[in-house]
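Novice:
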Amino acid sequence: MTPALVLAAHGTRSPEGERTLSALADAVRRARPGQRVELSYLEISSPLLAEVLPAVRGPVVVVPLLLAGGYHVHIDLPEILAEHRPDAVVAGWLGPHRLLTSALARKLARAGLRSTDAVLLGAAGSSDPSALADVRAAAHLLAVRLARPVTAAFASAGTPSLEEAMERLGSTPAARVAIASYVLAPGFFHDRLASVGAGLVSDPLGADPDVAALIWHRYDQALHHHTTITEPQPACHA
Numbered sequence: 029m030t031p032a033l034v035l036a037a038h039g040t041r042s043p044e045g046e047r048t049l050s051a052l053a054d055a056v057r058r059a060r061p062g063q064r065v066e067l068s069y070l071e072i073s074s075p076l077l078a079e080v081l082p083a084v085r086g087p088v089v090v091v092p093l094l095l096a097g098g099y100h101v102h103i104d105l106p107e108i109l110a111e112h113r114p115d116a117v118v119a120g121w122l123g124p125h126r127l128l129t130s131a132l133a134r135k136l137a138r139a140g141l142r143s144t145d146a147v148l149l150g151a152a153g154s155s156d157p158s159a160l161a162d163v164r165a166a167a168h169l170l171a172v173r174l175a176r177p178v179t180a181a182f183a184s185a186g187t188p189s190l191e192e193a194m195e196r197l198g199s200t201p202a203a204r205v206a207i208a209s210y211v212l213a214p215g216f217f218h219d220r221l222a223s224v225g226a227g228l229v230s231d232p233l234g235a236d237p238d239v240a241a242l243i244w245h246r247y248d249q250a251l252h253h254h255t256t257i258t259e260p261q262p263a264c265h266a
């Protein structure tokens, strides 16, 4: 039986954010017709991952709809799985990855990015240094793609903050600041990016085809890794 894909998003109080994540789940389904795909949330929104997991029969692969590591990846998600579905295979979180870079560059271009703009990669932030490192790595990939510097900046925990990064760039010759929105859906963090006075802010990553492709890539990676480590090893004879 082909394992079902369960998407584990963070959760949001934004109805538009929930609609965007639902559209992303639909894009994932369209990429592999006939494959079971369930959208769930770690908190706030419904249905919760803790409710979805027991309802899915057969093998399951959980792909976290999270752009970096951190508390939800390392603490929250394992606790839910241990209680409700310890047999589930867990994929890696989404970023950094070249497919996200492609989506970010495309959304910046659609928003009207100019060659003279200074670019920030605006992310939620985290108290986990490894999660911040993931975002900075994503900023490096985008810098290579755009052939210009890109600074990672954070809406909550992490340095520099959005305000600090905006202040620094305000003293440079750049005509304006463009923020690449490194969030999946509208909501609190995207609103923070839009509120700091940048010349433009790209749309959230949303139901981009490259995001959908990356989700299936993480699914395939997890299955391959699981199969490799669970295959019986040949007997060793002296």
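Each residue of the sequence shown is one higher than the one before, starting from 29 at the first, in the numbering used here.
Even glycine gets a Cβ: it sits at the ideal position worked out from N, Cα and C.
These numbers were taken from a predicted model, which means no experiment stands behind them.
1) Can you check the stretch 171-201 for any alpha helix (DSSP H) of at least 4 residues that lies completely inside it and give the ranges in chain order?
2) Below 6 Å CB to CB, which residues in the same chain sit around Phe217 once its five sequence neighbours on both sides are set aside?
3) Determine the closest residue to Thr144 out of Ala167, Val178, Ser158 and Pro124, with distance taken between C-alpha atoms.
4) Go through its chain and collect everything with a Cβ distance to Glu46's Cβ below 8 Å, but skip five positions before and after it.
5) Check Pro262 in the structure and name its three-state DSSP category.
6) Which whole-angstrom value is the C-beta distance of Pro237 and Ala32, which I expect to be below 8 Å?
7) Between which two residues does the alpha helix (DSSP H) containing Leu52 stretch?
8) What does the Cβ neighbour count give for Pro37, buried or exposed, with the cut at 16 atoms within 10 Å?
9) Apart from the five residues on each side of it in sequence, which residues of its chain come closer than 8 Å, Cβ to Cβ, to Leu282?
10) By how many angstroms is the C-alpha of Gly120 removed from the C-alpha of Val147?
11) With DSSP run on the structure shown, which of helix, strand or coil describes Leu136?
12) With a threshold of 7 Å on Cβ separation, who are the neighbours of Val80 within its own chain once the five nearest residues in sequence on each side are excluded?
13) Rounded to whole angstroms, what's the CA-CA distance from Thr187 to Ala139? Just pull it up for me.
Specialist: Here's the rundown:
1) For the stretch 171-201, the continuous alpha helix (DSSP H) assignments of 4+ residues that do not extend past its boundaries occur at 190-198, in sequence order.
2) Ala152, Ala183 and Val211.
3) If we check each option's Cα against that of Thr144, Val178 comes out closest.
4) Result list for Glu46: Thr40, Ser73 and Ala213, in chain order.
5) For Pro262, the predicted structure reports a pLDDT of 49, less than 50, and the residue's modelled location is therefore unreliable. A value from the coordinates is still provided. The DSSP-derived three-state label of Pro262 is coil.
6) Pro237 to Ala32, Cβ: 21 Å. No contact.
7) Its alpha helix (DSSP H) spans residues Pro43 to Ala59.
8) Residue identity differs from the one stated: residue 37 is Ala in this sequence, not Pro. When all chains shown are included, Ala37 counts as buried.
9) Lying outside 29 to 266, the shown extent of the chain, residue 282 is not represented and no answer is given.
10) Cα-Cα distance, rounded: 27 Å.
11) In this structure, Leu136 counts as helix in the three-state DSSP scheme.
12) Correct list, in chain order: Val34, Glu66 and Ser68.
13) Taking the straight line from one Cα to the other gives about 26 Å.
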